[in-house]
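First residue of the sequence shown: 2, per the numbering used here; consecutive thereafter.
The beta carbon of each residue, even a glycine, is placed where N, CA and C say it ideally should be.
One structure below.
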Amino acid sequence: MKDCITTYTKIKFDTMNPVAANVAIEDIAHALSMIPRANGHFPEFFSVAQHCIQCCDEALERNYSPRVAMACLLHDASEAYLSDVTRPVKKNMTMYLQIEEQVQNIVYEKYLGSLPTEKEEELIHNIDDGCLYYEFKFFMGECLFPIEPVLISTPEYETRPFKEVEKEFLILFDKLQKILESEKG
Numbered sequence: 002m003k004d005c006i007t008t009y010t011k012i013k014f015d016t017m018n019p020v021a022a023n024v025a026i027e028d029i030a031h032a033l034s035m036i037p038r039a040n041g042h043f044p045e046f047f048s049v050a051q052h053c054i055q056c057c058d059e060a061l062e063r064n065y066s067p068r069v070a071m072a073c074l075l076h077d078a079s080e081a082y083l084s085d086v087t088r089p090v091k092k093n094m095t096m097y098l099q100i101e102e103q104v105q106n107i108v109y110e111k112y113l114g115s116l117p118t119e120k121e122e123e124l125i126h127n128i129d130d131g132c133l134y135y136e137f138k139f140f141m142g143e144c145l146f147p148i149e150p151v152l153i154s155t156p157e158y159e160t161r162p163f164k165e166v167e168k169e170f171l172i173l174f175d176k177l178q179k180i181l182e183s184e185k186g
């Protein structure tokens, strides 16, 4: 069990050999609501779950498919099992990137039924970058990219109790999951 972590719901999760049966949305929502963005360097607490909710809200505002909205909500789910690593560091961590991709793919396959397509990945990435840009602009007064991205939604950056964010994440997940299930017929 040396490569396992014990999750919030007491599941033994093997980070090196993840399986869908050991992925729980309750673990994802809980952990992401407690993990700070920007490695904790924002002047106020802002969680990865809040970021994911905002990405999902942006997808919904853009009238993207419920599948893309769900993928936006879950796009950082691997961090619930591996933690958040800042982009400048992560890009140099080859093994971490492989493990992260493996865990993220398990999450997508479990909750989306398949991996996002190339086009869906592009939509998710663009929203992720847009939300990242405005988080840094708000919290740090820093513009990360030379061209300011467009957001249709109105992000909220206040510090919120993690239990409240966790609950919102789960409600949004349940809503989208019901829509996706109804589309399957």
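DSSP places residue 8 in the coil class of the three-state scheme, outside both helix and strand. The beta-bridge partner set that DSSP reports for residue 162 is empty. Nearest in C-alpha terms to residue 156, of all of 66, 146 and 61, is 61. Under the rule that a run must span 3 or more residues, no beta strand (DSSP E) segment is found entirely inside the region 76-120.
In the structure shown, the three-state DSSP call for residue 13 is strand.
Residue environment: residue 99 is assigned as exposed (fewer than 16 neighbouring CB atoms within 10 Å of its CB, all protein chains considered). Residue 101 places its beta carbon 8 Å or farther from that of residue 33. 8 Å or more divides the Cβ of residue 97 from the Cβ of residue 75. In the three-state DSSP reduction, residue 67 falls in the helix class (H, G or I). Residue state for residue 48 is assigned as strand, using DSSP reduced to three classes.
Residue burial annotation: residue 48 is buried, with at least 16 other C-beta atoms found within 10 angstroms of its C-beta.
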